[in-house]
Amino acid sequence: MAIINLKKKEVQAKIVYYGPGRGGKTTNLEYIYKKFRSRIQTEMVTIKTHGDRTLFFDFLPIEIGRIKGYDIRIQLYTVPGQVKYESTRRLVLRGVDGIVFVADSLAVRRKENVLSLKSLADNLASYKKSISEIPLVFQYNKRDLLDEGIPLLPVEWLEKDLNSKLMAPSFEASALKGPNVVQTMKKIIVMTIESLRKDLT
Amino acid sequence: MAQERDEDNFRSQVEDRLDHLFEEESPETTEGHVALAEHPLKGLKAVLLSIDWEITDSTMDSLLNEIKNVEYVYSEDKIILTFLQLLGSIGKYVKANKSKAHPEATRVINSVYEALERVALTEGMSRPEKERMLLEEVGRFKKLKEQVVLRKLAKKEPAVSEVIPPPEPAPEEKRIPVTESPTPEGVQLEAGREARFAEMSPHEAFAYALEEIKNVIQAEFRALRAEIKLWRESR
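Protein chains in written order, with my numbering: chain A, 1 to 201; chain B, 1001 to 1235.
Given below as structure tokens:
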């Protein structure tokens, strides 16, 4: 749940990057942080463990500025993707306002994508939220590997597997190289703020 | 009608602000870098990318097999052979320890591979530049070994342990430091605490993470000193 302080005219929204392990959630935030560090003027917090893997979460706060008289602050989080950290994922989702589902385009990760989306739906349900109602954007990551001859899932398959019912906006992206990383973030921020708008009027 | 206009205006304001805040410059170019599509490294990269968190014997065997395949292709290139030996050495260690391997191991594998790919695919790269990149990765490899030693020293309970195998020397290789540097005897890895890690309470896990950070900083200083020494020797 976003924190809305009507007296101070502040809005703080929480967006979580969710997806299977090694799919590129942290890389998304790292790209944004490295690329725009001088503009967002905040620090990224991350705790990693085995082989550069996210242990608890990554956290990147962003000050959007004043819109319609409200100071808008966005908090970007990632969850640990590894299967064994289900309870941590659930904890990070508490109070979430928007989701970016970072799917791994590698052909060998098809099953993991589907399982991770199911876990997202289940974890949201535990907070009485519906995956079909919360602002959601899909990002099909690692598309750059197609140029390298690495077997990837066709986007049509990813759409069919993950997005056929939800019909959420989706982006083909490369978190490592940058294409559509910012577009994904912009889209989810706009959708999330719009969903909170009714509370601001 | 007015509400609709107000909504459009609000959305427009948000989008404008985001466009201003996250305006991107021209995308990075990869000049001089050849794509992997038909390259001998393609298979190796595919295996590295498919190594899941739950590392299996099968994926690690594939990695080691791919390393052998590429070694065959580059049998005349001592620099690339040394890169491959570093990969093989860490690969064997990860295979033996799997998820109990040191946290840095897979990061070093990825780093070594990225450097290897740049050396193999960048047209016109000079030999000194290739050697410089190799030297950096050798430094990372040595740092990893030091971190493994540190973890062993921090060990407080019996644990399954494994030894990091040294990279096998490149045939007739004389210039590359990795083949000259002695491997510390009895480099062993502590695994018991890692195995329990997932079961720790958040408080315990945080304390553990702090300890890890402390160890990493100490290892960074050791590695830095080692790299300075290597750099001086290479001049």
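Every residue gets a Cβ at the ideal spot worked out from N, C-alpha and C, and that includes glycine.
This structure is a prediction, so every number in the text was calculated from the model and none was measured.
Checklist line | Cutoff 6 Å; reference S174 of chain A; Cβ partners in own chain excluding five residues on either side | finding: R143, D144
Notebook entry, point to check: Is E1028 of chain B buried or exposed, if buried means 16 or more other CB atoms sit within 10 Å of its CB?
Noted result: Confidence is the limiting factor: at E1028 of chain B the pLDDT is only 47, short of 50, which leaves the residue's position unreliable, though a coordinate-based value still follows. When all chains shown are included, E1028 of chain B counts as exposed.
Item checked: Per-residue burial, E1131 of chain B [other beta carbons within 10 Å of its own, 16 or more giving buried] -> buried
Next item on the list: Quick one: grab the DSSP three-state call for E63 of chain A.
Entry: strand
Checklist line | Residue range of the unbroken alpha helix (DSSP H) whose run includes A13 of chain A | finding: Not the alpha helix (DSSP H): A13 of chain A falls in the beta strand (DSSP E), residues 10-18.
Next item on the list: With distances taken Cα to Cα, identify the nearest neighbour of K1214 of chain B among B:I1067, B:E1024, B:L1048, B:L1150.
Entry: B:L1150
Next item on the list: For Y77 of chain A, write down the residues that DSSP places opposite it in a beta bridge.
Entry: A:V16, A:F59
Check: Under a Cβ-count criterion, where at least 16 other Cβ atoms within 10 Å of its own Cβ denotes burial, should F1141 of chain B be classed as buried or exposed?
Finding: buried
Margin query: If you reduce the DSSP assignment to three classes, tell me which class F1141 of chain B lands in.
Written below: helix
Notebook entry, point to check: Looking at the structure shown, is I188 of chain A part of a helix, part of a strand, or coil, going by DSSP?
Noted result: helix
Check: Got a sec, what are the start and stop residues for the alpha helix (DSSP H) G98 of chain A sits in?
Finding: That residue, G98 of chain A, is in no alpha helix (DSSP H); its beta strand (DSSP E) goes 98-104.
Margin query: Going by DSSP, what residue range makes up the alpha helix (DSSP H) through I32 of chain A?
Written below: 25-40
Next item on the list: Kindly give me the distance between the Cβ atoms of G19 of chain A and V92 of chain A, rounded to whole angstroms, as I take these residues to be in contact under 8 Å.
Entry: That pair is no contact at about 13 Å.
Note to self: Check this for me: beta carbons of D71 of chain A and K25 of chain A, under 9 Å apart or not?
What the structure shows: no
Next item on the list: Figure out for me which residue from B:G1091, B:I1055, B:T1056, B:L1049 has the closest Cα to the Cα of K1068 of chain B.
Entry: B:G1091
Next item on the list: Might you give, ordered along the chain, the residues of its own chain that have their beta carbon closer than 7 Å to the beta carbon of T27 of chain A, omitting 5 neighbours on each side?
Entry: A175, L176
Check: Quick one: what's V45 of chain A bridged to in DSSP?
Finding: A:F59
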